[in-house]
Amino acid sequence: MSSHPENEPILNYEVGSNERNELEKEIDNQLSQTIEIPCIINGEEIYTNNTVTQVVPHNHKHVLANVHLASQKEIEMACNSAVKAQEAWIDIGLEKRSEIFEKCADLLATSWRMKINASTMLNQSKTVFQAEIDAACELIDFWRFNVFYAKNFHNDLQPLVSPEGMVNTTEIRPLEGFVLAITPFNFTSIAGNLPSAPALVGCTSIWKPSRNSYYSNYMIMKLMMEAGLPPGVINFIPGSGAEITEIALSNPDFAGVHFTGSTAVFQGLWQRIAEALPNLKGYPRIVGETGGKDFIVAHPDCDRQGLLVALLRGAFEYQGQKCSAASRAYIPESVWGDIGNNLVSEVKKIKMGDCKDFTNFMTSVIDKRAFDKITGYIQRAKENENCEIAVGGGSNEETGWFIEPTIIVTKDPKSESMVEEIFGPVLTIYVYDDNKFEETLKLCDESSPYALTGAIFAKSEENIETAYNALRFTAGNFYINDKPTGAVVAQQPFGGARASGTNDKAGGPLNLLRWISPRSVKRTNMEIHDWTYPFMKN
Ligand code: NAD
């Protein structure tokens with residue numbers, strides 16, 4: 001096996017650093033203009049003049065772009081152009097395709113870094129650190145490690161045995177047809193990875209970005225074109241998810257869906273694909289990473305301060321809008337007695353505001369719909385006699401969609417905010433009797449349909465092992481004495497099961513294997529000229 005790439009180092013944007021100066025200039029530059037975002041089909045920009053605006057969530061009167069939405073005509077064009085582009089894309093081979101994605105990674109690490117980070121900060125309201133670890137580092141890692149994994153399994157999948165007189169090989173074919181990549185708003189890296197991972201192994205795709213990240217996602221599309229992505233291999237089509245899905249599924253060459261987003265949308269998609277099956281050429285691959293209700297369980301013997309920091313960062317970084325965000329915690333009475341007041345006072349220190357002010361730890365949530373949904377949960381908790389708001393609970397949508405970091409303490413471990421995905425800066429804590437650790441692990445396992453991420457805080461090996469075993473199927477990414485967010489490509493391959501997805505671990509070989517359909521080839525060098533067998537002779 002060749003040596004593997006290194007994870008992209010995270011720049012720290014300290015005052016006076018080159019990266020800080022460059023980024024600030026780029027933010028101002030992007031704020032000084034309103035751009036037009038077209039569909040990009042077969043490498044051509046198509047302006048449909050049916051537009052929506054893309055605003056800055058923490059300053060929602062500011063328009064970043066007018067986005068030209070695809071209609072039925074453009075969606076059909078995109079599907080056809082993906083189908084047409086596939087033969088040449090296969091023919092250029094893995095080496096050349098790898099070079100293109102390695103070039104993408106190099107561009108993102110250098111000349112495009114500030115552009116992509118600034119666009120993610122403005123479009124999805126991320127602080128500089130959240131933008132850097134997502135839009136720059138994670139996407140660079142996705143591209144570099146995917147290339148490494150793809151090259152290795154091309155060799156590893158060759159047949160073990162070729163007896164004398166024959167040569168056995170396996171052609172690592174891609175799926176026949178195009179992949180529909182439907183991407184979420186919250187990670188620019190995931191948006192870039194979903195269409196490009198299948199493309200690396202020879203699929204072509206149509207990419208339906210989220211309506212809340214058209215701006216940063218368009219920049220990624222432009223970067224890939226600059227890196228030499230041929231026309232038609234990835235077709236960028238802003239528009240209605242339901243309409244794009246209907247049209248893609250009416251095309252017999254639909255070969256699969258690569259989805260990240262909410263559980264409800266994915267379940268609907270799966271059902272629609274099943275209905276469309278008789279019209280399709282093959283059985284499509286269905287890969288989806290979906291919602292979470294991610295937990296932290298603490299044991300009475302845990303490190304108090306480590307737990308406090310994990311709760312705060314895990315729950316409130318990026319306003320809790322990570323699929324992995326800690327949103328429910330099970331804390332023993334003795335530990336809560338030790339850290340409760342401190343946690344509340346630390347949370348009160350969190351500064352929230354514009355991403356341009358680097359002293360802010362949080363900015364706003366993504367849009368009005370999210371604002372209403374999250375504040376609805378907070379309001380119902382306020383009205384629930386089992387729940388008490390320990391800190392936060394306020395919100396203001398005048399300039400941007402701001403919601404205070406909020407901690408709810410509940411007496412009911414099955415209360416709404418303890419079991420449903422809220423996807424906002426809301427952490428619910430259930431305080432349990434110190435003697436009920438094992439019952440609490442069972443409660444954690446059985447309380448929510450999701451199984452994405454989770455953490456155990458404990459010092460003794462025995463307690464860690466008890467939790468490790470009891471929570472085997474409760475999380476696809478499990479953390480011991482760490483927050484449940486911040487998975488790194490090639491270190492903690494990411495994904496969950498149950499209602500959290502198909503657990504195909506983006507950024508790793510398992511995911512790439514879903515986009516291939518190998519052909520086994522036997523070549524004989526000693527043709528047989530006698531049709532009879534020895535056993536037939538007297
Ligand atoms: P979402 O489900 O609202 O949207 C995801 C994508 O689906 C968007 O592009 C959207 O336009 C599209 N979509 C919406 N309705 C559709 C329909 N009927 N048919 C086809 N496409 C449709 O999710 P979101 O708000 O963008 O992202 C947040 C969700 O994503 C959360 O539930 C979060 O947990 C999940 N998420 C999961 C992971 C993971 O790796 N497990 C990562 C990021 C986000």
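Under my numbering, the sequence shown has 23 at position 23, and the numbering climbs by one with no breaks.
Think of the CB as a built atom: it goes at the ideal place given N, C-alpha and C, for glycine as much as any other residue.
The structure presented is a predicted model; accordingly, all values stated were derived computationally and were not measured.
Check: Residue burial classification, H4 (beta-carbon count within 10 angstroms, cutoff 16); Outcome: exposed
Check: Residue environment, D504, which counts as buried when at least 16 other CB atoms sit within 10 Å; Outcome: buried
Check: Near ligand 1: L427 beta-carbon under 7 angstroms from a heavy atom; Outcome: no
Check: Contiguous alpha helix (DSSP H) assignments of at least 4 residues, all confined to the region 119-204; Outcome: 128-131, 139-156 and 188-200
Check: Bridge-paired residues (DSSP) for K522; Outcome: N168
Check: From G508, A499, I516 and T290, residue whose alpha carbon lies closest to that of T204; Outcome: I516
Check: A455, DSSP secondary structure in three states; Outcome: strand
Check: Contact set for T188: own chain, Cβ-Cβ below 6 angstroms, skip 5 residues either direction; Outcome: T120, D134, A135 and S216
Check: 7 angstroms Cβ shell around R380 - same chain, five flanking residues per side excluded; Outcome: E416
Check: Any non-hydrogen atom of ligand 3 closer than 7 angstroms to S81 Cβ; Outcome: With respect to ligand 3, the structure offers nothing, as its ligand set consists of ligand 1.
Check: Delimiting residues of the beta strand (DSSP E) encompassing G256; Outcome: F254 to T260
Check: Through-space distance from E24 to D434, alpha-carbon basis; Outcome: 49 angstroms
Check: Range covered by the alpha helix (DSSP H) that runs through S268; Outcome: Correcting the residue identity first, residue 268 is Gly in this sequence and not Ser. Looking at the DSSP string, the run of the alpha helix (DSSP H) that includes G268 is T263 to A276.
Check: Through-space distance from I10 to F185, alpha-carbon basis; Outcome: 22 angstroms
Check: DSSP three-state assignment for K349, whether helix, strand or coil; Outcome: coil
Check: Rounded Cβ spacing between P484 and A455 (contact assumed at less than 8 angstroms); Outcome: 5 angstroms
Check: Any non-hydrogen atom of ligand 1 closer than 7 angstroms to P484 Cβ; Outcome: no
Check: Where the alpha helix (DSSP H) containing D445 begins and where it ends; Outcome: F437 to S447
Check: Nearest to A276 (by Cα), restricted to the options D253, V297, S262 and A264; Outcome: D253
Check: Cutoff 7 angstroms; reference L269; Cβ partners in own chain excluding five residues on either side; Outcome: T245, V257 and F259
Check: Pairwise C-alpha distance: F129 and I350; Outcome: 15 angstroms
Check: Presumed contact (8 angstroms Cβ cut-off) between I182 and G241, rounded CB distance; Outcome: 6 angstroms
Check: Limits of the beta strand (DSSP E) - the one that S327 falls within; Outcome: A326 to P332
Check: Those runs of the beta strand (DSSP E) which lie wholly inside the region 363-418 and span at least 3 residues; Outcome: 387-391 and 406-410
Check: Touch test, the region 16-30 against the region 46-53, Cβ-Cβ under 8 angstroms, three pairs minimum; Outcome: no
Check: Coarse secondary structure for Q305, derived from DSSP in three states; Outcome: helix
Check: Proximity below 8 angstroms, CB of I37 to CB of A65; Outcome: yes
Check: heavy atom of ligand 1 below 7 angstroms from C323 C-beta; Outcome: yes
Check: Nonlocal neighbours in the same chain, by C-beta distance under 6 angstroms from V233, ignoring five residues either side; Outcome: A85, W89, A199 and T204
Check: Beta-carbon proximity check, G282 vs E171, cutoff 8 angstroms; Outcome: no
Check: Closer than 7 angstroms: V265 CB and nearest ligand 1 heavy atom; Outcome: yes
Check: Inter-residue CB distance, T410 and C387 (contact presumed, cutoff 8 angstroms); Outcome: 5 angstroms
Check: Where the beta strand (DSSP E) through K61 begins and ends; Outcome: N59 to H68
Check: Backbone secondary structure at C39 - three-state DSSP; Outcome: strand
Check: Cβ shell of P541 (< 6 angstroms), same chain only, five flanking positions each side left out; Outcome: There is simply no residue 541 to check, as the chain begins at 1 and stops at 538 in what is shown.
Check: Minimum C-alpha distance to Y149 - residue among E95, C137, E132 and L107; Outcome: E95
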